[in-house]
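Below: one structure, written as structure tokens.
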Amino acid sequence: MAISTAPPRPRRRDDTRLAIAFIAPALIGFLVFMVWPTLRGIYLSFTKFNLLTPPEFNGLDNYVRMVQDPVFWNSLKVTVYYVFVNIVIQTVFALVIAVMMQRLTKRTWLRGVILTPYLVSNVVAAMVFLWILDYQLGIGNKVIEMIGLDRIAFLSDSAWVIPTIALINVWRHVGYTALLIFAGLQTIPETMYEAGRMDGASEITMMRRITIPLLRPILALVLIITVVGSFQVFDTVAITTRGGPVDSSRVLQYYIYDMAFGRFQFGYASAMSVALLIILVIVTFVQYRLTRAESSDLS
Amino acid sequence: MRKFAAFMMTALLAGCGWSGADAATSSGGGTIEYWLWDSGQQPGYQKCADEFAAANPGLRVHISQYGWDVYWSKLTAGFIADTAPDVFTDHLAKYAQFVDLKVLRPLDNLAPTSDLADSDYQPGLAELWKGQDGKRYGAPKDWDTIAMFYDRAELKDAGVDPASLNTLIWNPTDGGTFEKLVAHLTVDTNGIRGDEAGFNPRSIRIHGLSSEGSGGAGWGQTQWSAFAGSAGWQATDKNPWGTRFNLDSPELQQTLNWYFGLARKGYMPTYEEIGGANAIGTDKQIQSGIAAMGLSGSWMISTFSKLTDATGAKLDIGLAPTPIGPSGKRASMFNGLADSITTLSKHPDNAAKWVKFMAGAQCQDIIGRSGVVFPARPAATDLAIAYNRDERKLDVTPFTDQVKDKTTFLFPVTSNAADILALMNPRMDAVYIGSAPVSSLTAVNDQLNKLFEVAQ
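Right, here's the structure in full:
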């Protein structure tokens, strides 16, 4: 009977190779699809480039043009308006849904249903709403007429387009946002609410005094993610209005796209993309500081 | 691991829309990739392709069809990614940009197409496809003009004799007999006609005239060009290759003021009614009973001839010429398509053989007999007229008379077409919507002129 007398092999302390193997796919993706295009975009923003002939360096020309371009400033204004409507409504709804998910139901399927719009692609959602809201034939306008009101040109009236597009995207994203907030709610100890109930606090008081303050770090994260996403609105506009009527839904991303691939002015489009990047960095930084996202009141 | 890598590759390639079949067909020297956007024309050109293959052993044409919007973005992407076809159907509004981007081959430099003759085609068509360098970048395939399509049932209800539509006159002051007819064909939801007392322009059942939008994307081709043209207006100082624009001219601004005024009077649908950026065309407006008649192009003949109402019964559609304007003549924009060869073509001589074949009598006769468009060769045009008369019982001379009577003017061909579109389309929409006065086009005109000052 041979008994192995060799001591157990010491565990390898060096995990570097394994770590690299795990990180590599994400890192390669990050470098190839994020870092490299960003650097190249910044370089192209200082050139005149029509996509087909080699770029020519032209210094700050694109940036000078951008500052003087009224359509650029208008598209910035339209984008900020969109983000404001979209984020305010979406966050309020998501918060309410998340609280209801936690306090009113434990059914998984019901919680799952709330996420379903998010599983529909942006393009499909936009197409469906385009039909529903059609001025002539849309079922939405038929319902409005049945109630006895005048039909509304949701996607072809300059006053209605941005609120309409914002609400279409609220519909699609609210479930996802609610899910993120719901995850945050799960971290709040039930004992807090028990204590609140003992003191006779109503649901609304508990929401204001317990839920919102303890949820702050998660809300901050959710806001940062959704605001960045909201600034990059593109597909819904491309499907429903293509920037119109006139310039009333010409959001920045759509203007950039049209400049690059419709008008072959890739250099100028890159300069506007860099401007968007800078705006997003500033907005995120300000949000981070204002919401004190890095600290929690729960400790 | 190898299996996983293979799977990843497949997934990646599938994600990028790469398909093995496409690559296999374009790699062989014998296959010519050809693109077009009009699905109605595909059967005709497939017939041409079959005859071409029979006459040229070893060569084969593979036709791909994509809808108008997708077509141009796919083509642009194709030029960048080296997946563009050998030959594609080109449009006058687009080709100048492609010449600037140096993606088209001059046909004169390729043996099979070096001897194309201008005189083989309807007068003026072939010249439009010569660049500023004098080289030919497209072989004419077809042409189109504008006329009025109307619903005979609506005319009958209104007690209008269809023959009276052949002598309509319009002017920018009171609209003439043309506006009188449009008003009479308009009915509000109370059943009162546009020329009767008590008419409510805010609540319309059917408009007298359809709307194809503001026309900012194509010089009002199917919107106001027939009116502006019959007032003596031209879009540019010279055509092709104009560099000064005439959006500031009183003729145009008065015409547009009158034309878009029809929408405010309830005679024509508003921007909102036709669906803004996703507008429905004259065909759908007549079909759904939103409009009784409307201007449209000759490429729409087969679509109109197949229209049915909600019960599936065929609509009886008639044709009338565009009205006579202040110049004392009718007018129609004259536009044409052509086939262009890309610089990316690996076998340009084969591509040129196919282009030559499509521009030749054999293929154009096939296209003429299919009755979808008017081929560029006069003899083939006659075949298309005969087809419509015999098979569809439709008199298409309102389209062809414009050419015969020389009342056409050419589609404006300029450089910087994409910039012009981007500057003009929103501003023209604003005028249609009514959020900007017609005089605002003077500022747009300055912007367009500046494009060319920078370019030179």
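Order-wise, the sequence lines are chains A and B. First residue of the first sequence? That's 98 in the numbering used here, and the numbers climb one at a time after it. First residue of the second sequence? That's 97 in the numbering used here, and the numbers climb one at a time after it. Don't be surprised by glycine CBs; every beta carbon is placed ideally from N, CA and C. No experiment lies behind these values; they were computed from the predicted model shown.
- Query: For Trp164 of chain B, does the count of other Cβ atoms within 10 angstroms reach 16, so buried, or fall short, so exposed?
  - Reply: exposed
- Item | Interface partners of Tyr232 of chain A on chain E, CB under 9 Å | No chain E is part of this structure, whose protein chains are labelled A and B.
- Do you know how far the Cα of His443 of chain B is from the Cα of Ala120 of chain B? Residue placement at Ala120 of chain B is flagged as unreliable, the pLDDT there being 37, under the threshold of 50; the coordinate-derived value follows with that caveat. Cα to Cα, Ala120 of chain B sits roughly 15 Å from His443 of chain B.
- Query: What runs of the alpha helix (DSSP H), each 4 residues or longer, lie entirely inside the region 384-410 of chain B?
  - Reply: 397-401
- Message: Suppose the cutoff is 8 Å on Cβ atoms and the five residues either side in sequence are ignored; what does the same chain contact list for Leu544 of chain B look like?
- Response: Phe341, Leu343, Ile516, Leu519 and Met520
- Item | Cβ-Cβ distance between Thr274 of chain A and Gln187 of chain A below 8 Å | yes
- Message: Taking the alpha carbon of Trp354 of chain B as the reference point, which residue from B:Thr404, B:Ala327, B:Phe400 and B:Val199 has its own alpha carbon closest?
- Response: B:Ala327
- Can you pull the DSSP bridge partners for Ser74 of chain B? Residue 74 of chain B is absent from the model: chain B starts at 97 and stops at 552.
- Task: Please list the segments of the alpha helix (DSSP H) lying wholly inside the region 272-318 of chain A, counting only runs of 4 or more residues, in order along the chain.
- Result: 287-295 and 300-303
- Query: What does Ile386 of chain B reach in chain A if we use C-beta pairs closer than 8 Å?
  - Reply: Gln233
- Item | Assumed close pair Ala249 of chain B, Asp146 of chain B - CB separation to whole angstroms, cut-off 8 Å | Wrong, their Cβ atoms sit about 41 Å apart, outside the cutoff.
- Query: Would you say Gly341 of chain A faces chain B, with C-beta separation under 8 Å as the test?
  - Reply: yes
- Under a three-way DSSP split, which group does Asn541 of chain B fall into? helix
- Task: Can you have a look at Glu129 of chain B and say buried or exposed, based on whether 16 or more other CB atoms are within 10 angstroms of its CB?
- Result: buried
- Would you say Ser531 of chain B reaches chain A, if we count a Cβ-Cβ gap shorter than 8 Å as a contact? yes
- Query: For Met244 of chain B, which residues does DSSP report across the bridge?
  - Reply: B:Leu391 and B:Ala416
- Message: Here's the rule: buried if 16 or more other CB atoms are within 10 angstroms of the residue's CB, otherwise exposed. What is Pro258 of chain B?
- Response: exposed
- Task: Pull up the distance between the alpha-carbon of Asp333 of chain B and that of Ala322 of chain B, whole angstroms please.
- Result: 18 Å
- Item | Residues from the region 511-543 of chain B in contact with chain A, defined by Cβ distance under 7 Å | Ala514, Asp515, Ala518, Pro522, Asp525, Ala526, Ile529 and Ser531
- How about Tyr351 of chain A and Ala368 of chain A: are their beta carbons less than 8 Å apart? no
- Item | Inter-residue CB distance, Pro419 of chain B and Gln350 of chain B (contact presumed, cutoff 8 Å) | Not really, about 16 Å apart at Cβ, beyond 8 Å.
- To the nearest angstrom, how far is it from the Cα of Thr496 of chain B to the Cα of Ser215 of chain B? 18 Å
- Query: Where does Leu509 of chain B fall in DSSP's three states?
  - Reply: In the sequence on display, residue 509 of chain B carries Val and not Leu. In this structure, Val509 of chain B counts as coil in the three-state DSSP scheme.
- Residue range of the beta strand (DSSP E) that Val183 of chain B falls in? Val183 to His187
- Query: Name the chain A residues that come within less than 7 Å of Thr172 of chain B, Cβ to Cβ?
  - Reply: Phe358
- Is the Cβ of Asn219 of chain A closer than 8 Å to any Cβ of chain B? no
- Query: Using 8 Å as the limit for Cβ to Cβ distance, is Leu391 of chain B near chain A?
  - Reply: no
- Could you tell me whether the region 422-435 of chain B touches the region 212-232 of chain B, where touching means 3 or more Cβ pairs closer than 8 Å? yes
- Query: How is Pro202 of chain B classed by DSSP in three states: helix, strand or coil?
  - Reply: coil
- Task: Could you tell me whether any Cβ in chain A is nearer than 8 Å to the Cβ of Val199 of chain B?
- Result: yes
- Reduced DSSP secondary structure (H/G/I, E/B, other) of Phe382 of chain A: helix
- Mind checking which residues open and close the beta strand (DSSP E) that includes Leu305 of chain B? Ile300 to Leu305
- Message: For Ser172 of chain A, report the span of its alpha helix (DSSP H) as first-last.
- Response: Pro167 to Arg200
- Message: Quick check on DSSP: helix, strand or coil for Ala120 of chain B?
- Response: Residue confidence for Ala120 of chain B is low, a pLDDT of 37 falling below 50, so the modelled location carries little weight; the figure read from the coordinates is stated next. Correct three-state label for Ala120 of chain B: helix.
- Message: Please report the distance separating the alpha-carbon of Arg156 of chain B from that of Tyr167 of chain B.
- Response: 22 Å
- Task: Would you verify that the beta carbon of Ile176 of chain B is, or is not, closer than 8 Å to some beta carbon of chain A?
- Result: yes
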